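Here's the structure we're looking at; comments come further down.
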Amino acid sequence: MSEDKWRQTGWYHRAKGSRDLFSFVGSLGGYSSNSRIAWRGMASSDFDLVSSLQRVPGNDTEPRLRQAELTILEAAREWGLGFGPGGWMTDLHLLADLQHYGTSTRLIDVTSNPMTALWFACQDPRDAGDVAGDGVLLAINTATWSRYGRARQPLTYSAQDDPQGWELSSALQNEQPFVVESLVPNDRLRAQEGFFLAGKIPDTLQPGDPFTSLQIPFQRTDPELLRQRLRARSSSRVGPTDQFPFVAVLIPQELKERVRVRLENSYNRRAAVLFPDFAGFRDFTRAAVAREEILDKRP
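Numbered by the numbering used here, the letters in the sequence shown go through residues 134 to 432 in order.
Written as structure tokens, this is what we have:
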């Protein structure tokens, strides 16, 4: 995906400097009391907002993705995963854990903290080849979405017959995307204030639609009108009652280092805080030497 695809929607803003960036993000967070924002940062404006499982060749339709998903869940349970003090996890809970440990799923990582998402958006694209260095901070309004992961099992026949799968099956009954939260978040999920978005793969996409894993309806807008509304909101005690579907904040590459310094100094957003586990230590510190590197260097 190129930056043009976000521009074509009209729901975008290109940051003119670090002060403009932080001011705009703050205005988004306070735009409307009717909004409930999920934030996601991507290090390149060329990256697609698509689930990792849909990126696997052959999983480009919902039936194929669903079959792959069921195969992964069955294999994970046969491996012995998904069992805890409360018994067997639901499929959604197990998918959340699999996602955070690197398995491809339909879930898309997001956070409730815009500074965390901004940290990810201001990283340099790693091993991505020839892609744009500009980042994207996405603010997706989930106010009307269903939320799963924390509900008690209902006393319905479907839930009793399939206690592990009822929640995911229920969530996939319509086209609307949904939110997935974890009752027992791991250390990394807590540190990142993370949760997930998911949904059925849309059957059809409207022209210029930047979303391929989520059905997010929107009408093209004038980006200047969006900025005017945000400025009016920041100078008024009464916020607007309307909502935005999403906003893409484009971050020029030359701003990234400056923003990262501010995020670390003022908001404590750094790798050691966001990845407080052994895998984070391995991936983000030069002191760690992977076993594979040692084996490769043996005489």
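Beta carbons: idealized from backbone N, C-alpha and C, even for Gly.
Computed from a predicted model, the values in this text were never measured in an experiment.
Nearest by alpha-carbon distance to residue i: which of the options is it?
i           : options               : result
residue 248 : 379, 343 and 155      : 155
residue 273 : 388, 151, 377 and 387 : 377
residue 143 : 187, 408, 202 and 342 : 342
residue 347 : 138, 337 and 353      : 337
residue 251 : 419, 405, 415 and 388 : 388
residue 181 : 280, 406 and 268      : 268
residue 95  : 384, 396 and 364      : Nothing about residue 95 can be read from this structure; the chain reaches only from 134 to 432.
residue 386 : 203, 254, 309 and 278 : 254
residue 304 : 187, 199 and 186      : 199
residue 246 : 191, 158, 391 and 379 : 158
residue 176 : 298, 191 and 136      : 136
residue 266 : 398, 397 and 390      : 390
residue 275 : 309, 190 and 298      : 309
residue 277 : 145, 379 and 190      : 379
Where residue i and residue j are concerned, what is the direct C-alpha to C-alpha distance, given to the nearest angstrom?
i           : j           : result
residue 184 : residue 357 : 31 Å
residue 210 : residue 413 : 26 Å
residue 167 : residue 349 : 17 Å
residue 372 : residue 393 : Caution applies to residue 372, whose pLDDT of 48 falls short of 50 and renders its modelled position unreliable; the model cannot decide the point.
residue 263 : residue 296 : 46 Å
residue 216 : residue 404 : 30 Å
residue 140 : residue 212 : 45 Å
residue 258 : residue 178 : 10 Å
residue 361 : residue 301 : 40 Å
residue 401 : residue 196 : 42 Å
residue 416 : residue 294 : 42 Å
residue 201 : residue 407 : 30 Å
residue 333 : residue 148 : 32 Å
residue 153 : residue 214 : 46 Å
residue 419 : residue 395 : 23 Å
residue 188 : residue 235 : 14 Å
residue 208 : residue 319 : 22 Å
residue 427 : residue 160 : The pLDDT assigned to residue 427 is 49, lower than 50, so where the model puts this residue is not dependable; a value taken from the coordinates is nonetheless given after this. Cα to Cα, the separation comes out at about 49 Å.
residue 354 : residue 222 : 42 Å
residue 398 : residue 244 : 20 Å
residue 298 : residue 151 : 45 Å
residue 359 : residue 256 : 27 Å
residue 146 : residue 325 : 24 Å
Please check the pair residue i and residue j, which I expect to be a contact at CB under 8 Å, by giving their CB distance rounded to whole angstroms.
i           : j           : result
residue 323 : residue 410 : Going by Cβ atoms, the distance from residue 323 to residue 410 rounds to 11 Å, so no, they are not a contact pair.
residue 242 : residue 162 : Contact doesn't hold; Cβ gap of about 19 Å is too wide.
residue 270 : residue 174 : 5 Å
residue 193 : residue 206 : Residue 193 to residue 206, Cβ: 20 Å. No contact.
residue 280 : residue 311 : 7 Å
residue 186 : residue 237 : 4 Å
What does DSSP give as the partner residue(s) for residue i in the beta ladder?
i           : result
residue 145 : 381
residue 242 : 329
residue 180 : Note: residue 180 sits in no beta bridge, so no partner.
residue 281 : 313
residue 175 : 269
residue 274 : 170
residue 344 : 182
Kindly examine the ligand NAD and report whether one of its heavy atoms sits closer than 6 Å to the Cβ of residue i.
i           : result
residue 160 : For the structure depicted, the ligand NAD is absent and the ligand set is empty, with no information on it obtainable.
Whether or not the region 306 to 319 and the region 216 to 235 are in contact is what I'm after, with contact meaning three or more pairs of Cβ atoms, one per stretch, closer than 8 Å; do they touch? yes
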